[in-house]
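Worksheet: the structure to be examined is printed underneath.
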Amino acid sequence: MKSATFEYHRPETLAEALALLAELGDEAKLLAGGQSLVPMLALRLAYFDHLIDIARLPELRGIAVADGWLRVGAGETEAAVGRDAVVSGAVPLLTRATPLIGHFQIRNRGTLCGSVAHADPAGEYPTVALTLDAEMVAASASGGERTIAGAEFFTGLWSTALEPDEMLVAVRFPVWSGRAGFAVEEFARRSGDFAIAGAAVAVELDGDDRVARAAIGLLGMASVPLRAPAAERAVVGQRVDTLDPAELGALAMSELDDVPADLQGSAAYRTRVGATMVTRAWTSAIKEAAGQTAGAEGAIHG
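First residue of the sequence shown? That's 1 in the UniProt record's numbering, and the numbers climb one at a time after it.
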């Protein structure tokens with residue numbers, strides 16, 4: 001199939017792009033990498049009268065650390081994020097999630113902010129953003145910039161808290177310090193497929209090998225990316241040698257309602273897989289935080 005007809009706009013500046021978005025409203029869609037949008041248009045799962053191409057706007061470029069935050073501009077591709085030394089030093093979880101996104105052709109075109117704004121519940125970057133309490137920087141012609149907390153950003157399947165005239169111009173990730181470990185684990189039928197279930201884990205240990213803080217994110221388990229707050233609360237203050245990773249995985253699943261069922265598997269199957277992914281990610285993250293060698297990311301293909 002081919003997409004329905006639309007009018008193509010290629011603004012030269014961010015201000016021009018925001019003005020177009022304000023003028024056209026719901027009739028327009030922003031185009032950055034297009035790795036999610038273009039297939040949906042081609043299959044006529046989505047239709048817009050206007051596409052606004054923002055891929056070449058210089059104001060949307062840039063990866064930098066300042067005041068304890070890593071800022072990634074909306075023009076940065078997933079491949080650029082995955083190979084950037086600043087990213088790997090500041091937010092390792094991003095670096096480890098990147099190879100799990102589709103194929104290298106997709107990562108060469110797709111953008112981090114585009115993935116976050118697309119809000120796919122099986123998306124790696126949305127899950128990492130939620131797990132790390134990232135901040136989304138939105139901009140509009142009328143209101144300027146505002147910051148949206150990660151916990152408030154994802155509102156439903158493929159939907160966010162962005163207003164029709166707003167653009168996601170950057171995502172800010174907090175930089176963890178101390179004895180921290182990070183891991184991403186997911187299960188997919190084939191390499192490049194969307195994950196059936198997965199987990200992203202960040203953990204920090206104190207000097208007595210107690211969990212100082214923990215963040216556990218879940219992908220593919222609902223219509224939005226999720227956190228596992230009960231599991232996070234249960235581990236904080238506990239010595240790591242007293243924690244059972246398998247029990248933690250089960251606890252992370254215990255709060256879930258309406259786990260999706262589809263051709264990939266039943267809700268019960270997805271729940272079992274999700275528990276296993278939490279168990280494996282937690283184990284790897286703890287090993288890294290404790291200074292041991294760990295394979296901190298991985299994908300399993302059935």
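Where a beta carbon is used, it is the ideal one built from N, C-alpha and C, also for glycine.
Item                                                                                                                          : Value
Rounded straight-line distance, which links the Cα of Ser-223 to that of Val-273                                              : 17 Å
Reference Val-65; option with closest CA among Ala-275, Ala-170, Gln-105 and Thr-98                                           : Ala-170
Which residues DSSP lists as bridging Met-167, in chain order                                                                 : Ala-139
Three-way DSSP call (helix, strand, coil) for Thr-293 in this model                                                           : At Thr-293 the pLDDT is 37, less than 50, meaning the model places this residue with poor confidence and gives no usable figure here.
Glu-247, enclosing alpha helix (DSSP H) - first and last residue                                                              : 245–254
Reference Trp-69; option with closest CA among Met-136, Ala-195, Arg-109 and Ala-79                                           : Met-136
Any chain B beta carbon closer than 9 Å to Arg-107                                                                            : Among the chains of the structure shown, chain B does not appear; only one protein chain is present.
Spatial neighbours of Ile-63 in its chain, beta-carbon cut-off 8 Å, leaving aside the 5 residues before and after             : Leu-70, Arg-71, Val-72, Gly-73, Glu-76, Ala-80, Val-81, Asp-84, Val-86 and Val-87
Three-state class that DSSP yields for Tyr-269 in the structure shown                                                         : helix
Beta-carbon proximity check, Gly-217 vs Thr-111, cutoff 9 Å                                                                   : no
Touch test, the stretch 173–184 against the stretch 256–274, Cβ-Cβ under 8 Å, three pairs minimum                             : no
Alpha-carbon to alpha-carbon, Tyr-8 and Leu-45                                                                                : 19 Å
Buried or exposed (CB count within 10 angstroms, at least 16 for buried), Gly-295                                             : With a pLDDT of 42 at Gly-295, under the threshold of 50, the modelled position of that residue is not reliable, and the figure given next carries that caveat. It counts as exposed.
Neighbour-count burial assignment, Tyr-47, 16 or more Cβ in a 10 Å radius                                                     : exposed
Spatial neighbours of Pro-126 in its chain, beta-carbon cut-off 7 Å, leaving aside the 5 residues before and after            : Ser-115, Val-116, Ala-119, Asp-120, Phe-154 and Pro-225
Beta-carbon contacts of Ser-254 that lie in its chain and below 7 Å, excluding the five residues immediately before and after : Ala-230
Validate contact between the stretch 196–205 and the stretch 264–282 using beta carbons, cut 8 Å, 3 pairs                     : yes
C-alpha distance - Ile-52 paired with Ala-289, whole-angstrom precision                                                       : 44 Å
Validate contact between the stretch 181–190 and the stretch 200–207 using beta carbons, cut 8 Å, 3 pairs                     : yes
Alpha-carbon to alpha-carbon, Leu-30 and His-50                                                                               : 9 Å
Residue of Asp-26, Glu-12, Arg-96 and Asn-108 minimising C-alpha distance to Pro-58                                           : Glu-12
Rounded separation between Asp-26 and Pro-164 - CA only                                                                       : 6 Å
Spatial distance of Leu-41 from Ala-214 (CA atoms)                                                                            : 39 Å
Exposure of Gly-207, with buried meaning 16 or more beta-carbon neighbours within 10 Å                                        : exposed
Proximal residues to Leu-243 (C-beta, below 7 Å), its chain only, five neighbours per side dropped                            : Val-235
Three-state secondary structure (DSSP) of Ser-88                                                                              : helix
Cα-Cα separation between Glu-145 and Thr-95, rounded to whole angstroms                                                       : 27 Å
CB of Leu-132 within 9 Å of CB of Gly-150, strictly                                                                           : yes
For Phe-160, three-class secondary structure by DSSP                                                                          : The residue asked about is misnamed: residue 160 is Thr in this sequence, not Phe. Reduced to three states, the DSSP call for Thr-160 is strand.
Whether Gly-123 touches Leu-219 by CB criterion (9 Å)                                                                         : yes
Burial state of Gly-102, where buried means 16 or more other Cβ atoms lie within 10 Å                                         : buried
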